[in-house]
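Asker: Once you've had a glance at the structure underneath, I'll fire off some questions.
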Amino acid sequence: MRDIVTETNHFFQSKSTIDTAKEMLGHVLTYQSDQGTLSGVIVETEAYLGPDDMAAHSYGGRHSDANDPLYQQGGTIYIYSIHSWLDMDISVQEKGLPNGILIRGVQPITGQEIMEENRKKTGFDTTNGPAKWIRAFGITDKELSGTMLNSDNFTFELKKSKTPKNILETPRVGVPNKGEWTDKKMRFIVEGNPYVSKMYKRDMDLDTFGWQ
DNA sequence: AGATGGATCGTCT
DNA sequence: GACGATCCATCTG
């Protein structure tokens, strides 16, 4: 019988990066932190396609200690800093192929009060952005970067917990002046979910949150 | 409701 | 020394 890390590995290496980015919507992340259990459903992702992708940290083969997790096996956590905040990618494809998926939005399930305290915000604003949910989860350093999902206290459920009614595809956020890479629709969101970043109120579906 | 600019710091040149 | 895969406050209409 295959163990959980091997299955996790397989999950992040057996499909195209774009298919995996879509598939991750509706899966649950859980962090057993020293504040308690914090968990949420992924509602927004972005795909970054490695050396060819002008918007990727691994563009042109850039490789440093900081972005090395992108080069590791699928399912490796990559945390990087941006303007004094932290974002998290999951590395996809086999070791040596530096593709990644940025997790941009999470709908809280467990520990919402702790998240609001960590963020000093309430409601949708608590976790509706890549750096927001990281801070909500109480992650304040890069200790997890380079470790595997499901190997310790940060887990990703391999079975989907909720199914989106519709997945909307849009250009990625914060990618200006990168030619075709600026326009490619590689951001995937659960249509209508209020925890998606930059959601307009009029586009929110507050009855179903966009789930089937 | 949508656009704009400042804050702020790790990372790379 | 410059630059963000960001966030937030503060305009303006």
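No gaps in the numbering here: position 208 of the first sequence is 208 in the working numbering, and each next residue is one more. We put the beta carbon where it would ideally sit given N, CA and C, even for glycine.
For Ile79 and Gln212, I'd like the C-alpha separation in whole angstroms.
Answerer: Approximately 31 Å, taken between the alpha carbons.
Asker: Grab the span of the beta strand (DSSP E) containing Asp87 for me, first residue to last.
Answerer: Asp87 -> beta strand (DSSP E) spans Trp85 to Val92.
Asker: If I follow the unbroken beta strand (DSSP E) through Ala47, where does it start and stop?
Answerer: Start and end: Gly36 to Tyr48.
Asker: Determine the direct distance from the alpha carbon of Asn99 to that of Thr17, and round the result to whole angstroms.
Answerer: Straight-line Cα distance between these residues: approximately 7 Å.
Asker: So is Asn166 buried or exposed if we call it buried at 16+ other beta carbons inside 10 Å?
Answerer: It is exposed - the Cβ of Asn166 has fewer than 16 other Cβ atoms within 10 Å.
Asker: Rounded to whole angstroms, what is the Cα-Cα separation between Val5 and Met148?
Answerer: In a straight line, the C-alpha of Val5 is about 8 Å away from that of Met148.
Asker: Apart from the five residues on each side of it in sequence, which residues of its chain come closer than 8 Å, Cβ to Cβ, to Asn67?
Answerer: Once the five neighbours on either side are set aside, the close Cβ partners of Asn67 are His57, Ser58, Tyr78, Tyr80 and Pro98.
Asker: Phe137 to His63, Cα distance in whole Å?
Answerer: So the alpha carbons of these two residues sit roughly 28 Å apart.
Asker: What did DSSP end up calling Phe11 once you bin it into helix, strand or coil?
Answerer: It is helical.
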